[in-house]
Each structure stands twice: as C-alpha cells, then as structure tokens.
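Engineer:
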Amino acid sequence: MKSNNVDQQLNDAAELGSIDRLYKVIQDDPFILERIDSIIFVETPLHIAASMGHIEFAAEIMRLKPSFGCKLNQQGFSPIHLAMQNYKKRMVACFINMNRELVRVQGREGLTPLHFASQIGDIDYLANFLSVCLESIEYLTVRDETALHIAIQNKQFEALQLLVGWLRTNKERGATELENKILNQMDVDGNTILHISAQISDPQTVRLLVNTGINLKAKNFENKTTLDMATNAEIKSILLSAGALRLTDELISTTNILDKMLIYILRLRRDISYKQRETWLIVATLVATATYQSAISPPGGIYQANAGDNNVNITSSNSTISNPGNVGKSVLSSHDFLVFSLMNTLSFLVSTIGILILTPGGRVGALVFCPVGWFVLSYIISLGRISPTQFNNIIVEIFSFSIVIVVSGIMITLYLRYQYIIMKWNRYKLYNWEKIGTKKSPSRDATQPIHPLLDS
C-alpha cells in the first residue's frame, strides 16, 4: 500500500511538474526511481512530464536517471515519442540537447522520432534530427521501411523533398554509399520508395525520385519493376522517359557489342591468377617502355646540331650544317620511318591497353588512367618531332591520334559501363543480400562487386 501511495505521489509530481514534490517522494523512498527502472515496460515520471510539457521537471529526471529517456511504456512509446505526439516542441528540443542519441530510440513497430517526424511531415523536426544524428536515417521499421517510405505512404511530399535533399548534399564520409542504400532500400515486400510512389499513383513524387540515383529497374519480391506496378499514364510516361523497363523488356533485351567486350575483359581479369597478372603487367610495362624509347631514339639515331662532334651518333653522310632543319630528325628514309613508326605505335598502344586492363580496379586503379593517357600523348608528340618529313609527320600523327581516340573512347565507355554494373550489383548486395539470410563479409571492401563476373 505504501509503495502504491509513493508511486501515486511521484506521478502527481510529474503531472504538476513540481521538482519539490519529486524530492519529497525521493526522501520517503530513495529507491523509487531504481525500482521503476528495473521494470522493462513502464510509464515513468519522464513519460508523464514529456506529455505535459514540463521541461524543467523532465530535465531533472533525465539528470537523475538518464536511462528513463530510452524507456518504453506499455504502449511502446518513449518519452520523446510522447512529446512529439502531444506537439511539445520545446520538450523535444530539450531531450535532444541532453542526449542526441534519443533520436535513434525505436518505439513500437520500430518507429524512431525521425520516422514519426516523417509521418506527420514536420520538416523542422526532420532537419534538427538529421543535423544532430545523421545515423538516424539508417534505422528501419519492423517492415524494413525508411523515413522516406513513411513520408511517401503518408503523402508528405515536403518531408520527402527534405530527406532526399539531405541525402544528396550530405558530405560526410560514406555519403555516396549511404545515399544509394537509403534510396534503394526495400521493405518486407521488396518495394523501393519508387515502387510505393508508382503504386499510390503520385506523379510528383515519381518525378522527384527519377532524378536521383534510384534504381529504375529494381524488382520487388513479386518480380515486378516500378513500371509493372504503375497504373497512372502520367507516371508511366515519366518512368519511360527516365529509362525504366518492364520485367519482360529487361529479360528480352540483347547484349550489345560493348557489353560483350566488357564481359570478355572482366572474365579475363577474373580467370588470371595474381602471379599471372603480375607477370603480364611487367611484360606490358617493359614493352611500353622499350617502344617509347624507340620513338625518341629510332634506329640509326637522329641528326645532331654539330655534325663534326666526335659524339655524333648518325649513319647518314648528309651534312647537318648545310641543312639545319634536319636537327633532331630521324636519319631513316621516309618509307623506312613510316613502316617503323606504325609498327612501333601499334606495339606501344597494345602494351598500354594491356596495362590498363590488367591494373586492379577500384578508385585507386582509376588514378592510373590519366598518367597512362599523358604517357601516350607524349609518345605521339615525340614521334612527330623526329619524323624526317612533314608528310610522314602528318601520316604518323593522324594514324596515332585516330587509334588513340578510338581506343580511348572504347576504354572510357567500357569503364563507365563497368562502374554502372558495379553500382547495380552493389545495390543488390546492400538491399537484397540480407533478404536471403546472408551477412556481408566484414573483410570484403563494400565498394567491390559481389557478382563473380565482376570480381577481379
């Protein structure tokens, strides 16, 4: 009886927001807060104060018993949930100032304060929560829904705009991966936020989402793409304009020649061992170096500025003094130089392409592309400089530049296609892998593809 009486006095103190009464109760029963804390689901004095908006009382309770901030009552709500439900904005701000981790407290059905803010469309809450705890965007409900799912389901377009805008402008480490993960998160039915938007026929939302990094071809667990689920003509038009496909369209799509080239290269990279790759890289580098050296020091040498110098290394008897324009030119005849330079250029380009193909992928590997490109450009300039005639110079440079432009265009296209496939498979790994009960290996780089064809 005494215990019940003390509990009632504590609840009365919370309803009135009286700190004096709080300490009067503590004097009568010093263990009352500890006893309440031992109960898993309980209506604490903090819940009552949060509902009533008694900021000072709530702050005092939080100071005495911080764990009350995460306690769920019998209905599955924490104090911050109740403060939001009762529109006590100052109380919510007080909670966040005292403990920003409260933004991540999950109540019934896994709802966090961020989810609730998204549900009611309060953009002030959303902005504040994301600014103090950016990790809160990653929390999912029991239906695997993000705050974006909830905003769309409740037709809170302004809230969705804020969430998408925050994802796209976030500059923290891992921001790109986070954006892709959240935008393409699937709920328990396999539906992304784009599926939901098409399902509820919301053209405004669909128009916003297709301009993000969302996967337009994602399929839910019924094997339906967004376009399969769309019933509204305007939404279908938006999706088709953005490049979305039906499942049947995707299944009957043919593989173009670039995809075939990419598949061949990726299979080659996959099938060779580390030792083989290392050996071939050394050989390709040696060939590239030798052919480059041949370009600046062709057979027979070049005309020197002083033909009378004992160190002159030329095979021609022509006087360089009588024709100063020959200085730095190859001593080979026009025909011989043309044959030599074309064969040397082909060897050089094949070896440099081999270097690019054999170099490990990823962001660090991409850094090799620019230096190799500059290396090729300097080769062409050197070859043109030592060409014995203007005609040869033009032929060699046209030939070299044509090959370089064609090869570079193909390599860049293949690289972009490769990155697209990596992104697509990374999304599959991030959003579908857990659906089949497999955990991501902690030793694997999250930026690497999981498809065996892409492993290299």
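Just so you know, we're using numbering that gives the first Met the number 0 here: the sequence shown kicks off at 0 and counts up by one. Don't be surprised by glycine CBs; every beta carbon is placed ideally from N, CA and C. This one's a predicted model, so the numbers in the text were calculated from it and none came from an experiment.
(1) On the criterion of 16 or more Cβ atoms from any shown chain inside 10 Å, does L21 qualify as buried, or is it exposed?
(2) Less than 8 Å between the C-beta atoms of S200 and A150, yes or no?
(3) Whole angstroms are fine: how far does the CA of Y124 sit from the CA of I281?
(4) For S329, does the three-state DSSP call read helix, strand or coil?
(5) Pop quiz: A58 and P78 are said to be a contact at Cβ under 8 Å. What is the actual Cβ separation, rounded to whole angstroms?
(6) Sort M61, D27, Q26 by Cα distance to T43 and report the nearest one.
(7) So, with DSSP's three-state summary, where would you put I461?
(8) Opposite L71 in the DSSP bridges: which residues?
(9) Between the C-alpha atoms of T290 and L267, what's the straight-line distance to the nearest angstrom?
(10) Out of curiosity, what's the CA-to-CA distance linking D6 and V187?
(11) Going by alpha carbons, who is nearest to L355 out of N343, A232, C369, M342?
(12) For the 8 Å Cβ check, are there 3 or more pairs between the region 333–349 and the region 272–281?
(13) Tell me where the alpha helix (DSSP H) around Y86 begins and ends.
(14) Rounded to the nearest angstrom, what separates N475 and D19 at their Cα positions?
(15) Determine the contact status of I136 and L159, defining contact as a CB-CB distance below 8 Å.
(16) If I measure Cβ to Cβ from L15 and keep anything under 6 Å in the same chain, skipping five residues before and after, which residues do I get?
(17) If distances are taken between C-alpha atoms only, which option among F67, P387, E108 comes closest to E100?
(18) Is the region 165–177 touching the region 221–241 in the sense that three or more CB pairs, one from each, lie closer than 8 Å?
(19) Starting from the N-terminal side, write out each stretch of the alpha helix (DSSP H) that is 4 residues or longer and does not extend beyond the region 88–158.
(20) Does the Cβ-Cβ distance between F40 and Q73 come in under 8 Å?
(21) In whole angstroms, what separates the C-alpha of D444 from that of L215?
(22) Determine whether the beta carbon atoms of E157 and R167 lie at a separation below 8 Å.
(23) Check this for me: beta carbons of A13 and I54, under 8 Å apart or not?
(24) Does the Cβ-Cβ distance between I192 and L147 come in under 8 Å?
(25) Going by beta carbon distance, what residues of the same chain come within less than 6 Å of V104, once the five residues before and after it are set aside?
(26) At the level of alpha carbons, what is the spacing between L357 and A294?
(27) Which residue from F374, R269, I385, Q184 puts its Cα closest to that of G299?
(28) Drop a sphere of 10 angstroms on the beta-carbon of Y86, count the other beta-carbons inside from all chains shown, and report buried for 16 or more, exposed for fewer.
(29) DSSP state of K64, grouped into three classes?
(30) In terms of residues, what are the limits of the alpha helix (DSSP H) holding M185?
(31) Measuring alpha carbon to alpha carbon, tell me which residue in A197, L226, I237 is nearest N210.
(32) If you check the beta carbons only, do I195 and Q152 fall under 8 Å apart?
(33) Let me confirm a value: I38 is counted as buried when at least 16 other C-beta atoms fall within 10 Å, else exposed. Which label applies?
(34) Compute the Euclidean distance between the alpha carbons of V102 and I95, then round it to the nearest angstrom.
Structural biologist: Working from what's here:
(1) The residue in question, L21, is buried, as its Cβ has 16 or more Cβ neighbours within 10 Å.
(2) Note that the C-beta distance between S200 and A150 is not below 8 Å.
(3) Between I281 and Y124, the C-alpha separation is close to 58 Å.
(4) Strand.
(5) Going by Cβ atoms, the distance from A58 to P78 rounds to 12 Å, so no, they are not a contact pair.
(6) Of M61, D27, Q26, the residue nearest in Cα terms is M61.
(7) With the chain running from 0 to 455 in the structure shown, residue 461 is simply not present.
(8) The partner list for L71 (beta bridge, DSSP) reads F40.
(9) Answer to the nearest angstrom: the Cα atoms are 25 Å apart.
(10) Answer to the nearest angstrom: the Cα atoms are 42 Å apart.
(11) Minimum Cα distance to L355 is reached at C369.
(12) In this structure the region 333–349 does not lie against the region 272–281, because fewer than three pairs of beta carbons, one per stretch, are closer than 8 Å.
(13) For Y86, no alpha helix (DSSP H) encloses it, and the DSSP letter there is neither H nor E.
(14) Residue 475 cannot be examined here, being either before or after the span of the chain that is shown, 0 to 455.
(15) No, the Cβ-Cβ distance between I136 and L159 is not below 8 Å.
(16) Taken in chain order, the list of residues that qualify is empty.
(17) Residue F67 is the option with its Cα nearest to E100.
(18) Output reads no: the region 165–177 does not touch the region 221–241.
(19) Correct list: 88–97, 112–119, 122–131, 146–152.
(20) Cβ distance < 8 Å, so F40 and Q73 count as in contact.
(21) Per-residue confidence for D444 stands at a pLDDT of 40, beneath the threshold of 50, marking its modelled position as unreliable; no derived number is given.
(22) Their beta carbons are not under 8 Å apart, which means E157 does not touch R167 by this criterion.
(23) Against a cut-off of 8 Å, the Cβ pair of I54 and A13 comes out as no contact.
(24) Yes, Cβ-Cβ distance for I192 and L147 is below 8 Å.
(25) Cβ neighbours of V104 within its own chain (closer than 6 Å, five residues either side excluded): C69, S77.
(26) Note on geometry: alpha-carbon atoms of L357 and A294 lie some 24 Å from one another.
(27) The residue with the shortest Cα to Cα distance from G299 is I385.
(28) Burial call: exposed.
(29) The answer is coil: DSSP assigns K64 none of H, G, I, E or B.
(30) Annotation for M185: no alpha helix (DSSP H) segment contains it, and DSSP assigns it neither H nor E.
(31) That would be I237, whose Cα lies nearest to the Cα of N210.
(32) In this structure, Q152 lies closer than 8 Å to I195 by Cβ.
(33) I38 should be labelled exposed.
(34) One alpha carbon belongs to V102, the other to I95, and they sit about 7 Å apart.
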